[in-house]
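As they're listed, the protein sequences go chains A and B.
Quick note on our numbering: the first sequence kicks off at 1 and runs consecutively.
Quick note on our numbering: the second sequence kicks off at 200 and runs consecutively.
Number of protein chains: 2
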Amino acid sequence: MAQQRPSPRKRPTQGRAQATVAALVEAAARILEQDGREGFSTNAVAERAGVSIGSLYQYFSSKEALLGALIVRETDLLIAEAKAALVEPTGRAALATLIRACVSHQLRRPALARLLDFEEAVLPGDTETARVAEEFRQIGLLLFSRSDLAPQEPVTVVTQDVMAIIKGMIDAAGERGETVQVDLAVRVERAVLGYLTHT
Amino acid sequence: MAQQRPSPRKRPTQGRAQATVAALVEAAARILEQDGREGFSTNAVAERAGVSIGSLYQYFSSKEALLGALIVRETDLLIAEAKAALVEPTGRAALATLIRACVSHQLRRPALARLLDFEEAVLPGDTETARVAEEFRQIGLLLFSRSDLAPQEPVTVVTQDVMAIIKGMIDAAGERGETVQVDLAVRVERAVLGYLTHT
DNA sequence: ACAAGATATGAGCTATTGCTCATATCTTCC
DNA sequence: GGAAGATATGAGCAATAGCTCATATCTTGT
């Protein structure tokens, strides 16, 4: 949606609007990171973005819509990284890539990622957030359907469990300020492989 | 604190206050379960508890204090169940017991447990909530210090990771409405043992 | 230069929030 | 019965929330 690119310099006016929208979404992210949900008011977001509340409501129908847009922005980022896993030759390599994507995504902005994880589960799913959630789920499903990972349970269950393990370990690590990506990735990988192969 | 018991029938007045406090805490739980954080207002809690806001503020210095009391109540429940793990003969049995405690605690009131997990991490830790958090952590530490679990990393790291795996899988399961405790416990156990033994 | 659409503004509305306090009602003991 | 403390009440305050709308400014094509 934001990725459409009409011939450049053609309608610079549109650029202004886009910049405003981007500023608002980023302001929302920063406020959530620094002050948490309780500080997340539309007035605060607008001020932080350097625009008026009027402008905020010109682009977002409600506070929730703004939060939804932020979730979509972040999840799209994660999906882009995670897709690299799909082209790996072996299931194991694919898993490692997926985990690295998740780890790097989470440790980039730990507080934000954690908060959005929670909020995503609570928010009444609008169409866009549902889309990205599903898209990410599909990547997992595809991965764990690979025969060389030999899951012992239905793929859907395995996918849910593995995603939960990854998310759980990563959230906790980010929460206590862990920053070394490799260490964390190695441990998560061990946990997931352990889950997949333990008899 | 609430567990003190002066000779019964001696000061029944105290009983009234205790009942009010309990009603308030339980009302808070129910509101959080049904309406989430956004519906969690002190006025709403008081009304649901069948008392006035005045009474609420007689026993809780702030909204956060009330939330803290709820967290303490729930964590104490979990700790009571989890302590059974400490007397198990083998490390593996202890692990299974701990996991079953967590699973049963989580599936009893899934929405509440999930929300409090998150809130506990965000809330400015007062003394009591810090106490229960530490008490629970100690149980984990004791468990994973057992030689027959043979961890490959520092115990503190193992404890954090395993707790995160348990919490992550269990939260996700509760969120999507899973209700079969045994199934879930088995899978969590496999994940944890896999993490502990995978080379 | 000008019309017209796109974009931005912010005072201000209504509703609700967390919380206080003066007052009232219980409960106990003499 | 009545004093005294414990407990309960709820109207209401200051602050803030989400959000609207009449108005202003900017941008572009002609």
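Just so you know, even glycine gets a beta-carbon here, dropped at the ideal spot from N, CA and C.
From a predicted model like this one, the values you see are computed outputs, not experimental measurements.
- A contact is defined here as three or more CB-CB pairs under 8 Å, and the region 297-315 of chain B meets this definition with respect to the region 273-281 of chain B.
- V379(B) counts as exposed, since fewer than 16 other beta carbons sit within 10 angstroms of its beta carbon.
- Taking C-alpha positions only, I252(B) is separated from N242(B) by approximately 6 Å.
- V321(B) has a beta carbon lying within less than 7 Å of a beta carbon in chain A.
- One finds V321 in chain B with Cβ atoms closer than 8 Å to the Cβ of G36(A), taken in chain order.
- A straight-line Cα-Cα distance of about 32 Å links V158(A) and R229(B).
- Only buried fits Q160(A), as 16 or more other CB atoms lie within 10 angstroms of its CB.
- With fewer than 16 neighbouring CB atoms inside 10 Å of its own CB, G177(A) falls in the exposed class.
- In this structure the region 255-269 of chain B lies against the region 218-237 of chain B, because at least three pairs of beta carbons, one per stretch, are closer than 8 Å.
- A direct Cα-to-Cα measurement between R336(B) and P124(A) gives close to 34 Å.
- Listed in chain order, the non-local C-beta contacts of A384(B) below 8 Å within the same chain comprise A295, I298, R299, V302, local neighbours out to five positions each way being set aside.
- Interface criterion met: the Cβ of I165(A) is under 7 Å from a Cβ in chain B.
- Contact annotation: G367(B) and K167(A) have beta-carbon atoms nearer than 7 Å.
- Using a 10 angstroms sphere on the CB of T129(A), the tally of other CB atoms reaches 16 or more, which defines it as buried.
- Residue burial annotation: T274(B) is buried, with at least 16 other C-beta atoms found within 10 angstroms of its C-beta.
- According to the DSSP assignment, Q359(B) belongs to the alpha helix (DSSP H) that extends over 354-374.
- Residue contact with chain B for L193(A): present (Cβ-Cβ distance below 7 Å to some residue of chain B).
- Around the beta carbon of D234(B), fewer than 16 other beta carbons sit within 10 angstroms, so the residue counts as exposed.
- Rounded to whole angstroms, T289(B) and R114(A) show a C-alpha spacing of 35 Å.
- Chain-ordered, the chain A residues with CB closer than 7 Å to the CB of E374(B) read A121.
- Counting only residues of its own chain and dropping the five nearest sequence neighbours on each side, A293(B) has a CB closer than 6 Å to the CB of A284, E287, L342.
- For A222(B), no Cβ of chain A is located within less than 7 Å of the residue's own Cβ.
- Following the DSSP letters along the chain, one finds Q351(B) in no alpha helix (DSSP H), marked with neither H nor E.
- By the neighbour-count definition (other C-beta atoms within 10 Å, threshold 16), V331(B) is a buried residue.
- Against R190(A), the close residues of chain B are Y394, H397, in the order they occur along the chain (beta-carbon pairs closer than 7 Å).
- Under the 7 Å criterion on CB atoms, G168(A) is classed as interfacial with respect to chain B.
- Check the Cα spacing between R109(A) and each of L77(A), V122(A), R92(A): the tightest is with L77(A).
- When Cβ-Cβ separations below 7 Å define contact, F239(B) makes no contact with chain A.
- Cα atoms of E246(B) and Y258(B): separation of roughly 15 Å, rounded to the nearest angstrom.
- In this structure, the beta-carbon distance from A371(B) to E175(A) does not fall below 7 Å.
- I369(B) is not a Cβ neighbour of A390(B), given a cutoff of 7 Å.
- Around F317(B), the beta-carbon contacts reaching into chain A at under 8 Å are F118.
- DSSP places L193(A) within a helical segment (H, G or I) once states are collapsed to three.
- Take the alpha-carbon of T396(B) and the one of R345(B): they are about 14 Å apart.
- The beta carbon of A185(A) does not come within 7 Å of any beta carbon belonging to chain B, so the residue lies off that interface.
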